[in-house]
Amino acid sequence: MTPLALHPDRYFDPSTRKIARDLYEGVCELPLVCPHGHVDPALLAQNERLPEPSTLIVRPDHYVLRMLYSQGVPLEALGIPVVDGGEAGRAIGGDPPVETDPRAIWQRFAEKYHLFQGTPTRSWLDYEFYETLGIRTKLDDHSAMRIYDEIEEKLATPEFLPRALFDRFRIEVLTTTDGAADSLKHHEAIRNADWNGRVVPCFRPDALFNIASPDWPAALRELERAVGEEIGGYRAFVAALENRRAFFKTLGAVSTDHAVLEPYTHRLSEREASALFEVALRGLASAEDRQRFEAHMLMEMARMSVEDGMTMQIHAGSFRNHNEALMRRCGPDMGGDIPVRTEFTRNLCELLNAFGCDRRFRLILFTLDEATYSRELAPLAGHYPALRLGPAWWFFDSIDGMRRYRRLITETAGIYNTAGFNDDTRAFLSIAARHDLARRVDCDYVAHLVAEHRIDLADGREMVRAMAVDLARDAYGL
Amino acid sequence: MTPLALHPDRYFDPSTRKIARDLYEGVCELPLVCPHGHVDPALLAQNERLPEPSTLIVRPDHYVLRMLYSQGVPLEALGIPVVDGGEAGRAIGGDPPVETDPRAIWQRFAEKYHLFQGTPTRSWLDYEFYETLGIRTKLDDHSAMRIYDEIEEKLATPEFLPRALFDRFRIEVLTTTDGAADSLKHHEAIRNADWNGRVVPCFRPDALFNIASPDWPAALRELERAVGEEIGGYRAFVAALENRRAFFKTLGAVSTDHAVLEPYTHRLSEREASALFEVALRGLASAEDRQRFEAHMLMEMARMSVEDGMTMQIHAGSFRNHNEALMRRCGPDMGGDIPVRTEFTRNLCELLNAFGCDRRFRLILFTLDEATYSRELAPLAGHYPALRLGPAWWFFDSIDGMRRYRRLITETAGIYNTAGFNDDTRAFLSIAARHDLARRVDCDYVAHLVAEHRIDLADGREMVRAMAVDLARDAYGL
Amino acid sequence: MTPLALHPDRYFDPSTRKIARDLYEGVCELPLVCPHGHVDPALLAQNERLPEPSTLIVRPDHYVLRMLYSQGVPLEALGIPVVDGGEAGRAIGGDPPVETDPRAIWQRFAEKYHLFQGTPTRSWLDYEFYETLGIRTKLDDHSAMRIYDEIEEKLATPEFLPRALFDRFRIEVLTTTDGAADSLKHHEAIRNADWNGRVVPCFRPDALFNIASPDWPAALRELERAVGEEIGGYRAFVAALENRRAFFKTLGAVSTDHAVLEPYTHRLSEREASALFEVALRGLASAEDRQRFEAHMLMEMARMSVEDGMTMQIHAGSFRNHNEALMRRCGPDMGGDIPVRTEFTRNLCELLNAFGCDRRFRLILFTLDEATYSRELAPLAGHYPALRLGPAWWFFDSIDGMRRYRRLITETAGIYNTAGFNDDTRAFLSIAARHDLARRVDCDYVAHLVAEHRIDLADGREMVRAMAVDLARDAYGL
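Chains as they are written, first to last, in our numbering: chain A, 84 to 561; chain B, 84 to 561; chain C, 84 to 561.
Rendered as structure tokens:
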């Protein structure tokens, strides 16, 4: 067994380590502001014992799944069930059986743990193991079962119930992501519980804007159920969205979120929008119809944000379910979403011209195309008052990814046009790990500015504090 | 009051600092070659006392304006006048009054000075304050008025007259940027003055090529006035441009400059070009007509450069006046120009095939799309004899921006296919600051090459000298 | 004369040098795995004395030629012959004579050797001079002739015969690149020789897929000769390709290679493919026909790779022969190939959906568009089991280029989805230099991970070993 260590200087460049340490001391104890993520609110509403390690750590984490899958481990061998009994998306070369033994899954994962060398997954997991779970042995094929048992033992104690962890992590606020028609019953339960944790929803109506999808009619029906009325036309549709936003606000929501392939924005006349909605109701909407409708609805979302004060987020550039057979077989979120080149300057021109200088509006942009950081996003954020840049997202939510983000953005937009950190995670147990990593990387970045005499240490302290908590609070109005 | 310091090792990576210092000593005293910029020649023709600090430092600097604007400071609060009395471009939420008290503007600027932490604006300004103006206090809300008074006092002395500063900065040559129809009377005045400073114009005919613009007829009339003839057709137009280039040369011009959205080049037949010109004269030119005409005129500009020996510059990729309401309200150059993705390999194919191997031709390219540095620009410059790469431009005229430029370009194109440094500034007072920063960053880059034993120190010394002065002199034939 | 030194710590960042050294000691003596390159197999089949220095080092190296050409040295002055007697592609300003004196070429090269400061060419050449050829004097105008004579002396000894160098370099396997119709007679000769060196061909059928090229009929005729049958239609064409692949395998081939402008993949029906082939036979294929045919043939190549187990390589994004006059005058591979923006996510969708999860398939991708590393390639390779990423290619086969490659890819795809190193060279003498440089850069990268406590030293040792040899062996099934 090899011992597991978590070095106090980790993620600090050795040549500026002393300054980074100094800066980090000023932020490491600050509360965690979590304005965007995907934790299931049921977890905190029910506050039940967390599931065994494979179900907790391996199966829900698409970072883990995709890496193992890319190296030849079938998802079935990791316990991922087949969506429809295997009719569709039949695996080439025979269907592997779905593993049901969680210990076998954990052993398989441990044997491949070296694949994560140099990745953020490894950094987050080692923190979880060491800091959150108290493990002192490096995970590998030999230690797998022992570590499994140790985790199981811990999870059985009250200190590891979700709310206890929430408090231990010092989470100031945790935002979930919720469909427009969601009942938010778990959020209601949390509000009514004898517990002070702040958990708020975020309004994500994507499914309702994709009028070309076969799933659109079902999404619309859910919306009808949620508002308790039939939605026969575009006007009623807009009213229903306003209604739901207002409901989300009653449960503490401060933001909306919009995932789009391209961040194209364009206002249609009410007549055009109505006509598209009719076409959609008849099930005839084309891909181009969808693109125009989405572009228009982003304008509408911005308009509503001006009115209700909710911060608007756009996550652009993910080509969803690239691996179609896998999607049909195992469902979405299995690691098959791949980025594409993204354009912001022209696509956002109409939205920013309409609302970008409005003091009541706040828009946060996220990209998977790093070429846009310095070319488009920083110049836009360094100009439009309404705009803030979301942190390094997804594949770039990593040590080198965050460094590039800071180095490519700060000189043009400064740090005050950025929105602080998002953990953006489904993996509740990893939240503390992610914030700690982000804070360390930001301290390392600022330490370089200090060491190169680009700023003085007093400025540096101000900056890392803003990056750790203040900018997130401000950008989301928390 | 916090003291202001300018560390002698600033912008040097601590791990290679000693070598960087050594290299910097060899170039810090060299004269400043300024082959591209936007200083108003009237400043040096008239040699009058510089205006008070807000008018000198805040109001003309779009880097300063955009950052303050992006954080909610209306341009009016910084003293920017409304172009047309406020009819057009009415601000949302009521028009703020235009500030007329320069001290109030300065105070506002000082209160927001922290926004520039980690940006090149801060580096330039701190140098201006410390080195050029002799300020020893850090600018903030407390020190603002004291520093204002200190600057005012300095500016009242003869040492701070424009020509005195020009000489103190050791400027070897300063190039301005001038419309094709400009009378160049200030350049003439400088020539005739009892002063040896070399100030030369640069021929920038953009307004004449944009045949789809409502401003084109006025630009054409100005050209007619300048050449003293009516321009009734394409041939006369080309002759007038040749005439003006010759006139610019008599006043020392060595270069032309062309700002384009896309660097598309394509030769039209004379018949096609004439037809487009006719369409333009009738006020009917479309965006596509403009694109074709511009592509053709770039070919013509290259042809003329072969003939008259003037170095041709292309600045590509800026989407001008993205914020239309602001443009209508306050005019251009307020920080609302945003880069777009740019393509060089295919767009320049025709121009480079026609002139790229001609020994009489010299073309310098600038980009706002860093993805093109290593993918297109360095490979092109590392092949075509006529081509040189302009320095990191605009948003990338910064410490990290310049580092990326060197690291992305040198391995493919070497340093001898680059064109040295451009300060590209309107802010006369910042010229010394910008050259100093650029030299330090280049020394830091070369110090890494030495420290990693990729070159020896003798090579390093040769390289930083070339980067500081020789390459600029050579690229522009100065 | 200045002494030439090769520092033992070269290419190591000083701040992590000690760890890098430690890691490098573990890999510097490992054999060289060369799975992709352009060495002429005749060299090893004939094992004759290598030619004089200009013919050996200057004339065949497009990195050297392009840099000298970009700084005004005509290719003729470097001894490059004119393809067609000078009819086509006449140089502007009079044709320079083709230099025939190799010593004059060498002197010219030496006088311009400073142009390569900071480029990988310089690093490779200095290694060749110092380590391979035993030169102890820095190349410049003074030392040129002395070094020329020293090299000549060395080349005359048996230690410098090609096979002796192959063995001295510890080459485990060397892959050449060969047209689909190549007789592979040199490979056969090597097999039959009294020598154990492993030299294997790689199947590159590009010329046969470009149905719009005037050279296509000739390529097809060569294929007919090679298979000994007339190829009257699409079916026979496919059969001939299968036949040739099988033949290549008998001489040890483990891979195919495909150079495309865009990596577009799309399966046509047999009827469509046949129809395109008919059009091509009639000499009527358009650029669009070519694009569709190529897209289909990539699907076919993948299908055949599934069947015969050969690793498929795609090199995308090079715009060939940008400088048309030079191409007509001096032929291809003179430094006039320029990269273009490349798209993988959408273009490869069909191929990856068809074969990306097939355990029998292995695809390696190469790019000249670094923006795709983190945005498209690492996410794709971090998902699809069949996919591996080829090393930093061509303009990026350099110290900083390789660093960017590792930093942009590892956090998303890990190192185990990369394919190790390719020297990709025509310059046999430079092979050891290139592998040494690559290993040093990888050790430097991993040393940073260790120094920042992102991995421990044991992990680091495992990683650099994989990067040096194991990943290449595995990716190519060697």
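All C-beta atoms, glycine included, are put in the ideal place defined by N, C-alpha and C.
Small disclaimer: the values here were computed from a predicted structure and weren't measured.
Residue i, buried or exposed, once every other Cβ within 10 Å from all chains shown has been counted against 16
i	result
T240 (chain B)	exposed
T428 (chain B)	buried
K221 (chain B)	buried
L115 (chain B)	buried
G419 (chain B)	buried
P136 (chain A)	buried
E377 (chain A)	buried
S369 (chain B)	exposed
T183 (chain A)	exposed
E170 (chain C)	For E170 (chain C), the pLDDT reaches just 48, beneath the cut-off of 50, and the residue's location in the model is therefore unreliable, although a value from the coordinates is still provided. Exposed: under 16 other Cβ atoms inside 10 Å.
A247 (chain A)	exposed
E453 (chain B)	buried
D232 (chain C)	exposed
T333 (chain A)	exposed
Neighbour flag for residue i against chain C, beta carbons, 8 Å
i	result
M410 (chain A)	no
M150 (chain A)	yes
N436 (chain A)	no
T260 (chain A)	no
T450 (chain B)	no
S153 (chain A)	yes
Euclidean distance between Cα positions of residue i and residue j
i	j	result
D539 (chain B)	L532 (chain B)	8 Å
M550 (chain C)	Y456 (chain B)	28 Å
M393 (chain B)	G439 (chain B)	15 Å
G120 (chain B)	D105 (chain B)	29 Å
A187 (chain A)	P179 (chain A)	15 Å
R274 (chain A)	L446 (chain A)	27 Å
G497 (chain B)	H466 (chain B)	11 Å
A558 (chain B)	F444 (chain B)	10 Å
A408 (chain C)	L472 (chain C)	35 Å
S352 (chain A)	M382 (chain A)	11 Å
Closer than 8 Å to chain B by CB, residue i
i	result
T572 (chain A)	An answer regarding residue 572 (chain A) cannot be provided, because it is not within the stretch 84 to 561 covered by chain A.
G497 (chain A)	yes
F349 (chain A)	Note that residue 349 (chain A) is His in the sequence shown here, rather than Phe. False, the Cβ-Cβ gap to chain B never drops below 8 Å.
V423 (chain C)	yes
T202 (chain C)	yes
R28 (chain C)	With chain C covering 84 to 561 only, the question about residue 28 (chain C) has no answer from this structure.
Minimum Cβ-Cβ distance from residue i to chain A less than 8 Å
i	result
G169 (chain B)	Low local confidence applies: a pLDDT of 49 at G169 (chain B) is under 50, so the model's placement there is unreliable, with the coordinate-based value given in what follows. No, its Cβ sits nowhere closer than 8 Å to a Cβ of chain A.
M546 (chain C)	yes
T240 (chain B)	no
S98 (chain B)	yes
Residue i: CB within 7 Å of a non-hydrogen atom of the ligand FMN
i	result
A541 (chain A)	This structure lacks the ligand FMN; in fact it carries no ligand of any kind.
Inset, instruction - Please specify which runs of the alpha helix (DSSP H), each continuous and at least 4 residues long, are wholly inside the region 254-332 of chain A, giving them in chain order. - result: Segments of the alpha helix (DSSP H) lying fully in the region 254-332 of chain A: 268-275, 289-292 and 299-310.
Inset, instruction - Output, in sequence order along the chain, the residues in the region 452-465 of chain C whose CB is closer than 8 Å to any CB in chain A. - result: Flagged, chain order: A454, S457, R458, E459, A461, P462, L463, A464 and G465.
Inset, instruction - Could you tell me which uninterrupted alpha helix (DSSP H) segments, each at least 4 residues in length, are contained entirely in the region 379-434 of chain C, listed from first to last along the chain? - result: If we require 4 residues or more, the alpha helix (DSSP H) runs fully inside the region 379-434 of chain C come out as 407-413.
Inset, instruction - Write down every uninterrupted run of the alpha helix (DSSP H) in the region 151-224 of chain B whose length is 4 residues or greater and which is fully enclosed by it, in chain order. - result: 185-194 and 203-210
Legend entry - Interfacial residues, the region 319-348 of chain C to chain A, with Cβ spacing under 8 Å: Residues of the region 319-348 of chain C with a C-beta less than 8 Å from any C-beta of chain A: none at all.
Inset, instruction - Can you check the region 429-496 of chain A for any alpha helix (DSSP H) of at least 4 residues that lies completely inside it and give the ranges in chain order? - result: Runs found: 432-438, 461-464 and 482-496.
Inset, instruction - Please specify which runs of the alpha helix (DSSP H), each continuous and at least 4 residues long, are wholly inside the region 526-553 of chain A, giving them in chain order. - result: 540-548
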